[in-house]
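Quick note, my numbering runs 71 ahead of the 1-based positions in the sequence shown.
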Amino acid sequence: ARVRDDLRDRLGVTVTAVDSTRDAVADADVVVVSASRNPSPRIETAWLASDATVIQLGDLRIDLEGFDTDRIFCDVRTHPLEFERQVGWDVTRTFTDAVSSDGWLALEDVRTLHELVGGSDDRGTRGRSFLSSLGLPMEDVAWGTEVYRNAVADDLGRTLTLCSEPFLSAPSEQ
72 ARVRDDLRDR
82 LGVTVTAVDS
92 TRDAVADADV
102 VVVSASRNPS
112 PRIETAWLAS
122 DATVIQLGDL
132 RIDLEGFDTD
142 RIFCDVRTHP
152 LEFERQVGWD
162 VTRTFTDAVS
172 SDGWLALEDV
182 RTLHELVGGS
192 DDRGTRGRSF
202 LSSLGLPMED
212 VAWGTEVYRN
222 AVADDLGRTL
232 TLCSEPFLSA
242 PSEQ
């Protein structure tokens with residue numbers, strides 16, 4: 072209730088608590104799953120709208136065959152395979168099985184965000200879509216730090232104030 076009320080007050084949005092995963096995803100255009108294991112959440116593709124997009128940031132149990140074959144995306148095609156070797160999530164195992172030698176999905180058919188955004192992939196994006204976004208936040212922070220330091224050294228850019236305190240934390244004591 073506290074998170075719901077905080078989001079409502081800060082963002083002016085309606086947040087509704089539900090009793091099941093099915094109810095949470097049933098009418099959603101975009102479903103973002105950022106969950107840990109024990110157990111990892113399960114989403115049946117039949118629960119999803121025909122044009123829904125599922126963005127997987129954490130572990131998830133889902134049948135990839137329930138998505139349009141040309142609507143499966145990754146940051147980098149091999150990330151789920153690498154994560155399967157290192158972490159062994161349910162969703163990375165599902166992906167690895169799908170692109171294995173006897174699987175139903177060719178690795179080269181998996182679409183990537185950089186090709187879509189960069190324009191080399193101009194195929195449509197309508198239909199039930201799945202994005203496995205396994206970028207490593209520590210790499211993002213490390214690279215962002217490097218970019219920032221180079222910008223400061225070259226006297227580039229300008230300082231932006233995005234917020235005066237972190238969004239989902241208790242206000243600091245003054």
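In this text, a Cβ means the ideal position worked out from N, Cα and C, and glycines have one as well.
- Secondary structure of T183 (DSSP, three-state): strand.
- For the pair V102 and A123, the CB atoms are nearer than the 8 angstroms cut-off.
- A Cβ-Cβ contact shorter than 8 angstroms links L202 with F144.
- Taking 4 residues as the minimum length, the alpha helix (DSSP H) runs contained wholly in the stretch 96 to 158 are 150 to 157, in order along the chain.
- In the three-state reduction of the DSSP assignment, L231 falls in the coil class, being assigned neither a helical nor a strand state.
- Counting along the chain, L202 sits inside the beta strand (DSSP E) bounded by residues S200 to S203.
- In this structure, R220 keeps its C-beta atom at 8 angstroms or more from the C-beta atom of L119.
- One Cα belongs to T183, the other to L152, and the distance between them is close to 14 angstroms.
- Rounded to whole angstroms, the separation of the alpha carbons of S235 and V170 is 46 angstroms.
- For D77, the enclosing alpha helix (DSSP H) stretches over residues R73 to L82.
- The C-alpha of L205 is placed about 7 angstroms away from the C-alpha of H150.
- Counting along the chain, the unbroken alpha helix (DSSP H) around V162 starts and ends at D161 to A169.
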